[in-house]
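Have a look at the structure below, then the notes.
Chains as they are written, first to last, in this note's numbering: chain A, 111 to 549; chain B, -5 to 482.
Here it is in structure tokens:
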């Protein structure tokens, strides 16, 4: 399908003032080696709605766009006619500090949002990679999170309501603006992690948490992965309330400015409560033959942990590189990391971290050849799947794309998912073909 | 007795086929026995018995029954303990009721992962009892905890007093084995989190049994906290108490629970269980803090400071487990205690922004006065979740109608205040009409679309959630989409 001149004219009429880009302006919207025929930067919901109504009518493939920093995730779109850039919808709509809720538009950068909320001593505990670039809408569409989920859960636990633009331009809301709601179906859950294939997130309401007065982090070097896992289980099964319990292999630790392999544990709260928990942490670590070493620049280290493996300075690059995430049961984390390291061999460039509470592992593979990279990824997936888990390849060289299925085997319930997609977007115009199972 | 969902001939056929699936002992057809199943804990509304009750013992039996229902076009619905408060398990259309109380096993207790997998009929409290000795607990604790089932909790996305800090059922449900309305069995989620794909488990949870029947659930267990502190704060009036709630939250303290009981409730409770609540108080707040010892000490001081600043008359901290249990007994028995002040009551459920609670509680009082009806208030105040108990005297002509009208006005007020018409009881059949107050026809069309994907024939717990007459929109919508599909 091509974007005809008349469609372009109509689109220009909707988004005036140079916010309908063509030609050179499209360099900012690459997907692999492809570019759209136009990119639109609507100013408000109304414009999004009108654009989609037109796009629906003309049957064009549209890719929603936020910070663009995680667009490498997923299959290439089956058609890429338009990029719909939401970064002008960047307002914080409401923030009720006493209710501890806020509502913001999808295009707001995560770091900007956090700065607003931080002014009132609060924050949205989603420590996503690259917060200066990533937008709220993109984060929710890709269901991104970070090590902080250990204490605060994922976006699933934080989102209360959403406004969404549907394929035909209709705008609807789901959920509510209060912290508890059992009114009808919890539709916002469907949009979370759906990569914009069911609807385009315009606005979200979420619960907030108080920004802790003090946060401290410790490095618990362990002699082997098994010890690290058992220590993590001990901590997570105890009365301690850590913010993060991150398992790092040597290379991932190096990327975060630490040497050795082991656990990063961080605890926050009032000074006296952090100190109380530190004493207990010391004791538990002792049971496993290690001593917690305080991390001087805890803030910096934690932000590198959140960014890993997306933006890790000091990561050795052997030319080609792939980033992936995977899941196993929490207690299988270290085992998974260890087995992957063994299977990929000592020569391979491998860095892996795991958020133990959620069994969420993520890593970076480097290789000199596409062959080598694909071999490592395949081996890693086999191990994760063997443990009852999965692996998603988030970024890889274009030349490797047809050598490995980035999503892997579709989950149970794919039939329902496919029917949902058809019911929400019968023409398949929203981010078509990019999601698991080719949805 | 009116058992009228199915024609006698097709009913006989369904009974016979169900007996083949679950055995004769697993099918109830006696009209007197069926009357037990004609409603859930919402008794003031419509009642209707099912045509038959089926008591399966396995997922495959549930699947066989649903396949049968789908083939024959017979409506069906799931039921756990029938403790739901919005009529979700009332068999409006008769049909087959699938009761899961013979599937009660704890299938897997996975201690290293702190997860349990249970059958849907497992009672909520059994789970917590079973994991207690391992230093763990299951967080959602609805008042019906000693009776309600995990499957029912998932269907209703049940909450409870302790959900302020720990979240509701959806936050603790990691996986479920679900039988889709056509009989297909799918495994959603599991011990491994965040697998790619739409969050079907997320939308299934809280769908009130309209998207299928879950037979097994994998749940997250939490480690028991180091310390628990239970505090009773006494206030002159509801306004001071509810303002204190916002004050605590604004200070960055998130207690496990913050329960508000007003004067009427206190009196009812004291007459019934003698929890030690002061009879001259206008309201009390029951607060529980849990966590590491040092943190709880600091937070207790913070909470007390807020209370003193809000004109609190007295603060009592439970010193022993017995004292704590007694304070909680008063709260847990609140609903049961209303029998002391009214023969019948209509328990409402709504949520408002925490900061709007003082205003809304005042309005509820005015509404009660205007309708000449006694309304007592208990609230999961930390969440802004109010539970007005509207007293109904059926001997007084028109009282029941006035109670329902008052309830409806309360709902409208809560929505105007930026709230929602149910925080944890669900829509069921009680609040179908209120759904329109919250959602536009377009918003509802999205829910219909989801419904039609899971249950294209609309046989799974029909007549629930969606406003009456709205079913037509559903058909209209799907046909519109079908035609759009052919264009693509």
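Here a beta-carbon is modelled for each residue, glycine too, at the ideal position from N, C-alpha and C.
Q.
So within the region 356 to 414 of chain B, which uninterrupted beta strand (DSSP E) runs reach at least 3 residues, ignoring any that extend past its ends?
A. 369 to 374, 379 to 386
Q: Select from 20(B), 422(B), 38(B) the residue whose C-alpha is nearest the C-alpha of residue 337(B).
A: 38(B)
(Q) Please tell me whether residue 473(A) has its Cβ less than 7 Å away from any Cβ of chain B. (A) no
(Q) Going by DSSP, what residue range makes up the beta strand (DSSP E) through residue 147(A)? (A) Per DSSP, residue 147(A) belongs to no beta strand (DSSP E) and is neither H nor E.
Q: Report the rounded CA-to-CA distance for residue 492(A) versus residue 140(B), giving the unit in angstroms.
A: 44 Å
Q) Does at least one heavy atom of the ligand GDP sit under 6 Å from the Cβ of residue 128(A)? A) This structure lacks the ligand GDP, and indeed carries no ligand of any kind.
Q: Please state whether DSSP places residue 328(A) in a helix, a strand or coil.
A: strand
**Q.** Sequence-distant residues of the same chain with beta carbon closer than 8 Å to residue 201(A), five excluded per side
**A.** 214, 215, 218
Q | For residue 469(A), the nearest candidate out of 511(A), 198(A), 487(A), 356(A) (CA to CA) | A | 356(A)
Q.
Tell me whether the region 21 to 38 of chain B and the region 115 to 128 of chain B touch, counting them as touching only if at least three CB pairs, one residue from each stretch, are closer than 8 Å.
A. no
Q) What residues are listed by DSSP as bridge partners for residue 225(B)? A) 281(B), 311(B)
Q. Hey, would you say residue 558(A) sits closer than 7 Å to residue 44(B), going by beta carbons?
A. Outside the displayed span of chain A (111 to 549) sits residue 558(A), for which this structure offers no information.
(Q) Taking the beta strand (DSSP E) that residue 226(A) belongs to, which residues open and close that run? (A) It is not in any beta strand (DSSP E) - residue 226(A) instead sits in the alpha helix (DSSP H) that spans 220 to 228.
Q: Check residue 435(B) in the structure and name its three-state DSSP category.
A: helix
Q) Beta-carbon of residue 425(A) versus every beta-carbon of chain B: anything under 7 Å? A) The pLDDT assigned to residue 425(A) is 47, lower than 50, so where the model puts this residue is not dependable; a value taken from the coordinates is nonetheless given after this. Not an interface residue.
Q: With DSSP as the reference, please indicate the residues paired to residue 378(A) in a beta bridge.
A: 325(A)
Q: Buried or exposed for residue 390(B), please, with buried defined as at least 16 other CB atoms from any protein chain shown within 10 angstroms of its CB.
A: exposed
Q | Rounded separation between residue 506(B) and residue 226(B) - CA only | A | Any question about residue 506(B) goes unanswered here, given that chain B covers just -5 to 482.
Q) Does the Cβ-Cβ distance between residue 344(B) and residue 408(B) come in under 7 Å? A) yes
Q) Comparing the C-beta of residue 304(A) with each C-beta of chain B, is any distance below 7 Å? A) yes
Q: Give me the Cα-Cα distance between residue 206(B) and residue 81(B), rounded to the nearest whole angstrom.
A: 17 Å
Q) How would you list, in chain order, the residues of chain B whose beta-carbon sits under 7 Å from the beta-carbon of residue 379(A)? A) 289
Q) Should residue 439(A) and residue 329(A) be called a contact, given that it needs their Cβ atoms to be closer than 7 Å? A) Not in contact: residue 439(A) and residue 329(A) (Cβ atoms no closer than 7 Å).
Q. The alpha helix (DSSP H) with residue 177(B) in it runs from where to where?
A. Neither: residue 177(B) is in no alpha helix (DSSP H) and is coded neither H nor E.
Q | Buried versus exposed call for residue 381(B) [16 or more other C-beta atoms within 10 Å across all chains shown] | A | buried
Q) Taking Cβ-Cβ distances shorter than 7 Å, what residues in chain B pair up with residue 299(A)? A) 193, 196, 197
Q. So is residue 521(A) in contact with chain B if we call contact Cβ pairs under 7 Å?
A. yes
Q. Whose C-beta lies closer than 8 Å to the C-beta of residue 2(B) among residues of the same chain, with five residues either side of it excluded?
A. none
Q) By Cβ distance, which residues of its chain are closer than 7 Å to residue 53(B), with the 5 residues on each side in sequence left out? A) 171, 173, 179, 209, 210
Q.
Which residue marks the beginning of the alpha helix (DSSP H) containing residue 310(A), and which one marks its end?
A. Counting along the chain, residue 310(A) falls outside any alpha helix (DSSP H), though it belongs to the beta strand (DSSP E) covering 310 to 317.
(Q) Do residue 484(A) and residue 503(A) have their beta-carbon atoms positioned less than 7 Å apart in this structure? (A) no
Q | Cut-off 7 Å between Cβ atoms - residues of its own chain near residue 395(A), not counting five sequence neighbours on either side | A | 330, 341, 401, 402
Q.
Please confirm whether residue 530(A) has its beta-carbon closer than 7 Å to some beta-carbon of chain B.
A. yes
Q | Nearest candidate by alpha-carbon position, reference residue 309(A), set 526(A), 546(A), 500(A), 538(A) | A | The shortest C-alpha to C-alpha distance from residue 309(A) to any of 526(A), 546(A), 500(A), 538(A) is the one to 538(A).
Q: Measure the alpha-carbon distance for residue 184(A) versus residue 546(A) and round it to whole angstroms.
A: 8 Å
Q. Does residue 14(B) come within less than 7 Å of chain A when only Cβ atoms are used?
A. no
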